[in-house]
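In full-length UniProt numbering, the protein residues as written are 1 to 521.
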């Protein structure tokens with residue numbers, strides 16, 4: 001029978017990612033851990049913690065017999081050892097040797113949830129009836145009382161789904177969440193639809209707070225296969241449809257089946273909704289007045305859909321995170337977003353890259369944000385055809401946004417003059433700034449040096465990206481020298497595609513009043 005130990009590859013990878021993020025964020029209060037080292041150190045910590053868990057599991061099996069060992073003791077040791085080593089890294093800035101490790105307990109930063117029934121670990125495989133019987137018996141074990149299920153990364157046969165569905169139905173009254181992502185990969189369409197319908201019927205009438213249906217080839221047929229489940233949910237707070245083939249007809253089905261009144265998180269990504277689909281999704285957004293996190297990225301949405309979404313978002317005054325990346329909104333979409341943002345006082349993260357907003361659309365967005373969203377910490381405006389003439393608007397915006405942590409202006413046309421203006425605006429205050437991205441902006445040495453001077457005194461700064469520009473060898477040396485005097489050169493991202501510029505051409509795009517050395521220094 002399946003046990004709590006060992007964790008699957010997906011769970012272990014998730015643990016490593018969570019620890020790496022915590023190492024980067026918490027090191028502010030302890031010894032600094034360089035961003036480049038965080039992932040490597042997290043992987044080492046997890047590996048050593050896993051070894052301790054394995055040792056504990058073997059010892060318990062030796063005492064009680066493998067048949068009575070469900071692995072829970074190993075999970076506790078795994079979490080405890082990882083927490084202890086994490087704290088040591090934060091205190092000393094390095095990973096301790098095993099023999100020097102102290103038996104110091106701390107709250108774990110690891111997302112191991114004892115209430116989560118998770119079969120997603122390891123490589124994806126087909127789950128037939130025989131495997132389902134082995135795996136799902138633990139779900140109804142009264143000693144566990146699982147309240148959440150993650151069935152992703154398994155391609156269910158119809159027979160396996162029927163068995164699993166019967167057990168899910170038995171415990172659905174206590175379930176608060178279900179991750180049914182990626183459960184029919186490679187299965188023939190008729191069987192895939194049957195599997196979806198079986199799980200839908202099994203969980204119909206449950207009272208879920210989150211439901212993930214991503215990475216299934218849904219389309220309209222798939223959405224309606226989950227219809228009884230979706231329609232029965234009255235308190236759903238988190239609903240996700242990513243990489244689902246959500247067409248305009250599928251979006252219509254979602255709107256018909258889902259009550260948005262309680263939604264706090266609603267995600268769509270990598271679909272084919274288009275303008276009509278976006279207009280239909282907008283009607284769901286309009287109901288979700290408590291919405292805090294909305295994502296509709298890479299979904300082929302044009303100006304008409306952008307306007308509909310922006311109008312709907314005006315009803316969502318609790319919005320904290322908005323991700324609309326990789327659509328084709330255009331200038332008019334930018335104007336509509338500007339109106340919407342005037343009603344968003346709580347915005348903290350805003351991802352608007354690859355929307356084709358252009359100068360006028362970006363200016364509308366910036367002007368709206370100047371007077372609202374005081375806690376805005378992340379702004380991504382990459383690849384929006386922003387030119388030097390938009391830089392003064394960026395400066396005025398930055399003067400009002402002291403809480404900013406991450407700013408991406410990648411793949412625009414700011415050039416040296418624009419980058420210098422933006423960088424100078426960041427030099428005073430902005431002590432929370434962590435990341436600054438000027439990738440592919442036709443930047444030479446003067447702009448690069450200005451960017452380095454803007455961040456080198458920031459106590460929490462972690463990453464400066466100047467890739468795909470034309471910074472001369474002398475300019476790069478100056479950038480590194482500036483950084484070395486403050487935050488250190490490790491914050492500079494690799495410059496693999498930098499074209500070494502000519503020293504004589506450095507100031508071509510800069511007005512005399514902005515003189516490269518005077519303004520940058």
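C-beta atoms are modelled at their ideal positions from N, C-alpha and C, and glycine is treated no differently. Remember, it's a predicted structure, so these values are computed and weren't measured experimentally.
Enumerate in chain order the residues of its own chain whose CB-to-CB distance from residue i is below 6 angstroms, with the five nearest sequence positions on each side excluded.
i, result
"residue 21", "none"
"residue 427", "454"
"residue 187", "155"
"residue 534", "Within the shown structure, residues of the chain are numbered from 1 to 521, placing residue 534 beyond reach of any answer."
"residue 149", "117 and 178"
"residue 285", "312"
"residue 266", "239 and 294"
"residue 358", "331 and 385"
"residue 368", "338, 341 and 342"
"residue 393", "363 and 366"
Per DSSP, which residues does residue i bridge with? Please list them.
i, result
"residue 177", "148 and 210"
"residue 437", "408 and 465"
"residue 351", "323 and 380"
"residue 118", "150"
"residue 48", "Paired residue(s): none; residue 48 is not in a bridge."
"residue 492", "464"
"residue 413", "387"
Leaving out five residues before and five after residue i in sequence, what residues of the same chain have Cβ atoms less than 8 angstroms from its Cβ?
i, result
"residue 298", "269, 270, 271, 325, 326 and 327"
"residue 345", "317, 372, 373 and 374"
"residue 494", "467"
"residue 215", "152, 181, 182, 185, 242, 243 and 244"
"residue 247", "219, 220, 271, 272, 273, 274 and 277"
How about residue i and residue j: are their beta carbons less than 9 angstroms apart?
i, j, result
"residue 479", "residue 471", "yes"
"residue 449", "residue 414", "no"
"residue 476", "residue 498", "yes"
"residue 167", "residue 139", "yes"
"residue 210", "residue 173", "no"
"residue 366", "residue 403", "no"
"residue 400", "residue 434", "no"
"residue 116", "residue 23", "no"
"residue 388", "residue 417", "yes"
"residue 337", "residue 310", "yes"
"residue 280", "residue 255", "yes"
"residue 451", "residue 443", "yes"
"residue 347", "residue 322", "yes"
Does DSSP classify residue i as helix, strand or coil?
i, result
"residue 275", "helix"
"residue 11", "helix"
"residue 458", "coil"
"residue 240", "strand"
"residue 75", "helix"
"residue 184", "coil"
"residue 499", "coil"
"residue 155", "strand"
"residue 387", "strand"
"residue 23", "helix"
"residue 226", "coil"
"residue 559", "Nothing can be reported for residue 559, as the shown portion of the chain is limited to 1 through 521."
"residue 487", "coil"
"residue 218", "coil"
"residue 28", "Residue placement at residue 28 cannot be trusted, given a pLDDT of 47 that sits under 50; the coordinates are not used to answer."
"residue 446", "helix"
"residue 318", "coil"
"residue 70", "coil"
"residue 53", "helix"
"residue 346", "coil"
Using a Cβ-Cβ cutoff of less than 7 angstroms, which residues in the same chain neighbour residue i once the five nearest sequence positions on both sides are dropped?
i, result
"residue 381", "352, 353, 362, 408 and 409"
"residue 275", "301, 302, 304 and 305"
"residue 528", "The first residue shown for the chain is 1 and the last is 521, placing residue 528 beyond what the model contains."
"residue 212", "179, 180, 181 and 240"
"residue 227", "200 and 257"
"residue 230", "257 and 258"
"residue 29", "With a pLDDT of only 49 at residue 29, under the threshold of 50, the placement of this residue in the model should not be trusted; the figure read from the coordinates follows. Cβ within range, chain order: n/a, list empty."
"residue 197", "225"
What are the boundary residues of the beta strand (DSSP E) that includes residue i?
i, result
"residue 267", "265-269"
"residue 125", "125-127"
Between which two residues does the alpha helix (DSSP H) containing residue i stretch?
i, result
"residue 335", "330-341"
"residue 195", "189-203"
"residue 297", "First-last for residue 297: 293-297, but that is the beta strand (DSSP E), not the alpha helix (DSSP H)."
"residue 254", "248-257"
"residue 397", "391-399"
"residue 368", "358-370"
"residue 234", "Segment: none, residue 234 is in no alpha helix (DSSP H) and carries neither H nor E."
"residue 306", "303-313"
May I ask whether a heavy atom of the ligand GDP can be found less than 8 angstroms away from the beta carbon of residue i?
i, result
"residue 446", "The ligand GDP is absent from the structure shown, which contains no ligands of any kind."
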